[in-house]
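Okay, structure first, notes after.
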Amino acid sequence: MEQSGEYTVSASRERVWEALNDPEVLERCVEGCRSMTVTGEGEFEAVVAAKVGPVKATFTAAIELQDVVAPESYRLQVGVKGGAAGFAKGSAAVQLAECSRDETRLTYHIEGSIGGKLAQIGSRLVQAAARKMAASFFERFAVDIGRSQGV
Amino acid sequence: MANETGIGAAVKRKEDARFITGTGRYTDDIGAHGQTYAVFARSPHARAKLNGLDASAALATEGVVAVFTGADLQADGIGDLPCGWTVHSKDGEPMVVPAHPPIAVDKVNYVGEPYAVVIGESLEAAKNGAEALEADFEELPAVVDLASAASADQIHENVPNNQTYDWELGDKAATDAAFAQAHHVSSLEIVNNRLIPNAIEPRAALGEYDAASGLYTLHTTSQNPHLERLVLAAFVQIAPEARLRVISPDVGGGFGSKIFVYAEETAVIWAAGKLRRPVKWRAERSESFLADAHGRDHVTKAELALAEDGTFLGLRVKTLANMGAYLSTFASSVPTYLYGTLMAGQYKTPAIYVEVQSLFTNTAPVDAYRGAGRPEATYVVERIVETAAREMGIDAAELRRRNFIAPSDFPYETPVALTYDTGDYEASLAKALEHADYAGFGARKAASEAAGKKRGIGFSCYIEACGLAPSQVAISLGAGVGLFEVGEVRVDVTGSVTVVTGSHSHGQSHETTFAQIISEKLGVPFENVTVLHGDTGRSDYALGTYGSRSLAVGGSALIKAIDKIIAKGKKIAAHMLEAQEEQVDFADGTFTVADSNQSLTFPEVAFAAYVPANYPLEELEPGLSEKAFYDPPNFTYPAGAHICEVEIDPATGVVDITSFVAVDDFGHIVNPMIVEGQVHGGLAQGIGQALLEHGVYDETGQLVSGSYMDYTMPRADDLPSFTVDTTVTPCTHNPLGVKGCGEAGAIGSTAAVMNAVTNALGVASVPMPATPETVWRAAQA
Amino acid sequence: MEISITVNGRSEALDVPDNALLADVLRERLGLTGTHVGCDTSQCGACVVHMDGAAVKSCTVLAGQANGAEVTTIEGIGNPDNLHPMQAAFRENHALQCGFCTPGMIMSAIDLVQKADGQLDEGDVRDGLEGNLCRCTGYHNIVKAVLAAQDDMKSA
Ligand code: FES
Ligand code: FES
């Protein structure tokens with residue numbers, strides 16, 4: 000599975016970069032996120048309740064930041080375990096480009112694969128589910144960053 | 000006077016009374032006091048090392064009784080799941096067999112392979128426990144593509160090139176010579192798509208252990224409970240056969256997929272003994288998709304050499320067969336002795352050479368599915384014959400006729416190890432052509448074309464080898480079991496009859512047809528006959544139901560037992576009537592003394608046998624109950640002609656089957672209504688393969704057609720009504736003259752559909768399933 | 000939760016978990032094992048029963064949703080001595096083999112005939128039974144049976 004997208008966020012690149020590396024911000028912005036904990040240098044563990052078609056489960060994601068070029072780009076290496084629901088794994092390349100002083104363009108490219116029940120029942124639906132999750136993340140992210148800037 | 004419930008009558012079924020009122024008893028309808036529930040943890044990976052399994056959270060889950068791993072079973076001496084047929088490679092070496100523990104121990108090789116079983120007080124508790132298991136998998140690259148599997152990563156340590164065997168049949172030199180002098184050679188690359196059987200009742204098991212007697216009882220969805228018991232006792236080592244009873248109650252369809260001995264019932268009966276509590280399991284459909292043995296999955300290259308007049312000179316076939324990740328119970332025999340041996344079809348092809356390489360991949364095991372090898376063979380033969388007809392400009396029916404084995408040629412020895420006893424292929428084809436109004440096809444095609452549609456017609460003149468099997472032939476070819484059948488006739492004191500058969504019925508209607516045989520032969524009223532089956536505690540060891548064998552083999556055993564009953568009855572009657580045994584005749588339920596008006600009814604003789612007042616006890620044992628085993632001297636050879644006509648809308652690619660004609664020769668028929676039903680069901684499955692069904696793994700080995708959303712089962716609105724008829728050449732070597740009808744529909748129909756589709760489109764081939772998208776693409780080309 | 004349902008004319012008061020499915024309650028609690036479960040994605044129709052007169056897939060109905068409803072299962076439409084015309088037609092036309100799909104098929108077929116305005120033809124029956132899978136019969140005889148039963152149901 001592959002997917003790309005692009006969002007414009009009303010904040011400086013530094014600010015966006017900071018937020019993208021802040022587990023608290025991420026926890027607030029990932030829909031269904033129960034917890035986001037730092038497990039090491041550039042490593043997080045997230046617990047997320049998600050639904051793909053008829054498959055509904057709590058997923059545990061191990062996230063590792065790689066190829067970090069602050070404040071421009073990094074790669075998120077993600078391994079997701081959903082117990083009986085199966086697994087997902089992949090990577091997301093994220094790039095930040097300065098549009099103006101307080102506007103940043105974020106592009107991402109995800110590559111991944113799924114397995115277990117998720118693939119068996121949800122393979123046709125997973126693309127749409129991933130798109131929806133990404134959209135919801137950036138929507139919340141934009142709002143969140145706007146709010147924190149307002150403070 | 001014809002017996003209205005005898006042989007040949009369309010008697011309504013005994014079974015129906017319970018099934019239409021919801022009082023059937025399937026495995027999942029049966030419960031035991033204090034039962035626990037099993038849930039299997041299944042691999043989400045196609046290939047991985049299992050580096051560890053942490054069950055502590057699972058065990059701490061409320062209601063979880065136990066968690067068992069593959070290592071637990073091994074430690075308890077539980078053996079591997081065996082493959083019951085040893086096929087030898089070209090070089091004479093036996094096939095290479097990988098270890099197949101019921102529950103994975105340190106590696107998993109297909110998505111859905113069980114790696115632990117969680118037992119709970121409730122289903123929910125067991126599910127929660129399974130969810131809490133923490134397995135440490137180390138993923139490895141999966142081998143998925145069959146065509147490249149021989150050169151891919153090695154899946155099993157002891158199986159180089161992922162090859163279990165490289166088998167051949169036929170005379171290579173003679174075949175090469177035939178090709179050297181051919182006027183025309185047709186060749187075709189064929190993919191026989193993977194199918195998932197999908198009996199509507201999911202597999203299930205209830206295991207019980209009685210500590211007082213040490214007896215195990217397993218209720219399970221098996222087509223052959225004795226085989227199940229034999230394997231669980233002798234190979235898996237649950238308990239000696241005498242302490243293990245296997246019962247197959249009502250079973251909701253099998254189609255081959257319930258022949259095999261699987262991990263789940265093995266674990267369930269073992270766990271019942273360990274825990275000393277009943278253990279119950281029922282597959283969810285998602286599990287059935289992953290863990291029932293799949294069917295077909297071949298890649299083949301076929302070549303047919305012809306003389307100028309269309310005479311077949313030689314056939315060369317090279318097939319790669321997918322075994323999946325392990326060898327299932329009879330997997331090895333399907334692409335060899337049930338496939339290569341059928342390559343003569345209905346034709347006098349003098350030289351045939353077949354090579355089959357069977358390979359492992361990281362997919363679910365593949366084994367017999369309705370027809371088992373014979374549909375694949377028919378598909379090869381009938382597609383290449385049709386192709387040759389088109390290439391040489393000879394009418395497809397005519398080309399077949401020119402090459403048919405003629406009635407005068409029987410018994411006919413094929414170049415691929417079989418001896419056909421009888422048949423009349425021309426007769427079936429002629430009748431089918433008439434039903435299909437072949438003469439009017441041109442006009443119908445023109446009408447379709449005028450309406451912007453494409454119309455095509457396709458034939459399939461199939462043959463199958465059924466009535467498995469002559470034991471010694473099968474054993475000499477590698478079978479690990481005999482293939483006889485047992486029948487027992489217990490005449491009751493009042494003259495009613497209980498039949499006990501080793502053949503199991505899971506839709507085939509034995510309770511009706513076997514009662515018809517009793518009614519015909521003993522004159523006992525149909526309603527006074529009860530047929531018992533599916534229980535190792537009731538019948539002697541026998542081999543069960545598959546390969547269209549129940550009537551040809553099980554029915555023949557029954558006839559032998561009936562003959563013994565009649566012989567003994569005559570002795571009793573002779574004594575009672577003070578006549579010579581030779582003078583006593585038996586017909587229509589009455590023993591009569593020749594040239595006299597003296598007679599006794601069957602119930603009178605039965606009563607005398609059990610209340611032996613006037614009875615020759617010094618010479619004859621009391622009682623009237625006989626049993627017989629029957630081992631067939633040959634296979635039976637049902638054959639027939641299927642003709643499919645389709646209309647295709649090139650704008651949408653939708654294939655509409657406008658007519659489907661099946662004319663089959665099953666020999667004598669006991670119940671024509673039931674035979675028609677068997678044909679209908681087989682046709683639906685064969686048409687399903689051609690147009691709808693496809694088991695698909697993605698490149699990482701994930702099953703992406705794993706539910707009814709993605710695996711297209713034929714539904715009522717996908718199929719036409721069928722025209723079904725028969726011709727009769729009685730089987731020459733069994734007492735009923737029957738051949739078997741269970742698989743014919745699935746064997747013949749697929750090629751007919753695809754011949755019609757390619758005919759309509761005017762293309763050499765279209766991959767199966769011919770979905771609207773596939774057909775639309777082909778129509779654009 | 001506490002529910003009360005009328006099943007085949009008998010009222011039942013039951014305490015069931017919130018997530019209990021009607022199919023499981025019928026089978027496990029009430030012993031009505033004629034209702035079968037053939038899939039986990041609501042696509043086989045083996046579990047069809049009537050709820051307040053309409054066919055529903057009981058594997059997709061929560062027992063709680065059936066609270067206060069009248070449910071009829073295969074066991075409630077007839078008995079061997081007094082078959083429903085649809086049951087009789089299935090037997091008469093050999094519309095079943097293994098029998099596993101049969102209860103759901105019969106319940107769907109009855110609903111189909113009852114809801115039809117006017118005479119159903121072969122195509123209507125095939126379309127109408129599209130939600131019920133049968134692996135044994137190829138549907139040929141099921142279609143025949145439903146067409147035959149519609150006349151009997153009307154004259155009954
Ligand atoms: S069980 Fe399959 S639809 Fe309900
Ligand atoms: S009769 Fe077996 S599934 Fe319909």
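Protein chains in written order, with numbering that gives the first Met the number 0: chain A, 0 to 150; chain B, 0 to 780; chain C, 0 to 155.
Idealized CB from N, CA, C, for every residue including glycine.
A quick note: this is a predicted structure, and the numbers were derived from the prediction, not measured.
Span of the beta strand (DSSP E), counted from its first residue to its last, around residue i
{"i": "Phe-311/B", "result": "311–323"}
{"i": "Asp-562/B", "result": "Run containing Asp-562/B: none in the beta strand (DSSP E); it sits in the alpha helix (DSSP H), 555–576."}
{"i": "Val-164/A", "result": "As displayed, chain A neither begins before 0 nor continues past 150, which places residue 164/A out of reach and without an answer."}
{"i": "Gln-76/A", "result": "72–80"}
{"i": "Ile-246/B", "result": "243–246"}
Sequence-distant residues of its chain with Cβ nearer than 6 angstroms to residue i (five each side left out)
{"i": "Thr-591/B", "result": "Asp-584, Ser-598"}
{"i": "Cys-100/C", "result": "Ala-45, Cys-133"}
{"i": "Val-150/A", "result": "Because Val-150/A carries a pLDDT of 37, less than 50, the predicted location of this residue cannot be relied on, and no value is offered for it."}
{"i": "Gly-127/C", "result": "Leu-111"}
{"i": "His-99/B", "result": "Asp-79, Leu-80, Tyr-325"}
{"i": "Lys-143/C", "result": "Asn-92"}
{"i": "Ala-473/B", "result": "Leu-482"}
{"i": "Asp-663/B", "result": "Gly-639, Thr-725, Ala-743"}
{"i": "Ala-18/A", "result": "Val-24, Ile-144"}
Distance CB(residue i)-CB(residue j) smaller than 8 angstroms
{"i": "Thr-7/A", "j": "Arg-104/A", "result": "yes"}
{"i": "Gly-137/C", "j": "His-679/B", "result": "yes"}
{"i": "Trp-269/B", "j": "Ile-77/B", "result": "yes"}
{"i": "Val-86/B", "j": "Ser-327/B", "result": "no"}
{"i": "Arg-284/B", "j": "Gly-103/C", "result": "no"}
{"i": "Ala-745/B", "j": "Gly-685/B", "result": "yes"}
{"i": "Asp-90/B", "j": "Tyr-352/B", "result": "no"}
{"i": "Ile-189/B", "j": "Val-379/B", "result": "yes"}
{"i": "Ser-459/B", "j": "Ala-683/B", "result": "no"}
{"i": "Asn-191/B", "j": "Met-712/B", "result": "no"}
{"i": "Thr-782/B", "j": "Leu-145/B", "result": "No answer is possible for residue 782/B: the residues shown for chain B start at 0 and end at 780."}
{"i": "Ala-16/B", "j": "Ala-131/B", "result": "no"}
{"i": "His-218/B", "j": "Leu-305/B", "result": "no"}
{"i": "Met-0/C", "j": "Gly-67/C", "result": "no"}
{"i": "Ala-177/B", "j": "Leu-312/B", "result": "yes"}
Where the alpha helix (DSSP H) containing residue i begins and where it ends
{"i": "Phe-440/B", "result": "440–449"}
{"i": "Asp-150/C", "result": "139–154"}
{"i": "Lys-126/B", "result": "122–131"}
{"i": "Glu-263/B", "result": "262–274"}
{"i": "His-99/B", "result": "Premise fails: His-99/B is in no alpha helix (DSSP H) and is neither H nor E."}
{"i": "Gly-687/B", "result": "671–690"}
{"i": "Trp-16/A", "result": "12–19"}
{"i": "Pro-84/C", "result": "84–91"}
Same chain only: Cβ atoms within 7 angstroms of residue i, ignoring 5 sequence neighbours per side
{"i": "Phe-403/B", "result": "Gln-345, Tyr-346, Tyr-424, Glu-425"}
{"i": "Ala-376/B", "result": "Tyr-338, Leu-341, Met-342"}
{"i": "Thr-335/B", "result": "Val-86, Trp-166, Val-355"}
{"i": "Glu-137/B", "result": "Ala-47, Lys-48, Asn-50"}
Presumed contact (8 angstroms Cβ cut-off) between residue i and residue j, rounded CB distance
{"i": "Gly-253/B", "j": "Gln-222/B", "result": "4 angstroms"}
{"i": "Asp-539/B", "j": "Val-485/B", "result": "5 angstroms"}
{"i": "Ile-19/B", "j": "Gln-86/C", "result": "4 angstroms"}
{"i": "Ala-689/B", "j": "Gly-747/B", "result": "Their Cβ separation, rounded to whole angstroms, is 11 angstroms, which puts Ala-689/B and Gly-747/B out of contact at 8 angstroms."}
{"i": "Thr-589/B", "j": "Lys-738/B", "result": "Incorrect: roughly 32 angstroms between the Cβ atoms, too far for contact."}
{"i": "Ala-151/C", "j": "Ala-88/C", "result": "The amino acid occupying residue 151/C in the given sequence is Asp; Ala does not appear at that position. About 7 angstroms separates the two Cβ atoms, so the contact holds."}
Own chain partners of residue i with C-beta closer than 8 angstroms, once the 5 adjacent residues on each side are dropped
{"i": "Arg-26/C", "result": "Thr-32, Thr-34, Val-36"}
{"i": "Ala-69/A", "result": "Trp-16"}
Positions along the stretch 119–143 of chain A whose CB lies within less than 8 angstroms of some CB in chain B: Across the stretch 119–143 of chain A, CB contacts with chain B closer than 8 angstroms involve Gln-119, Ile-120, Ser-122, Arg-123, in sequence order along the chain.
Contacting positions in the stretch 111–138 of chain C - beta carbon closer than 9 angstroms to chain B: Within the stretch 111–138 of chain C, Glu-121, Gly-122, Val-124, Arg-125, Asp-126, Gly-127, Leu-128, Glu-129, Gly-130, Asn-131, Leu-132, Cys-133, Arg-134, Cys-135, Thr-136, Gly-137, Tyr-138 place their CB atoms closer than 9 angstroms to a CB of chain B, listed in sequence order.
Within 8 angstroms of chain B by C-beta, residues of the stretch 80–100 of chain A in sequence order: Answer set for the stretch 80–100 of chain A: Gly-82, Ala-83, Gly-85, Phe-86.
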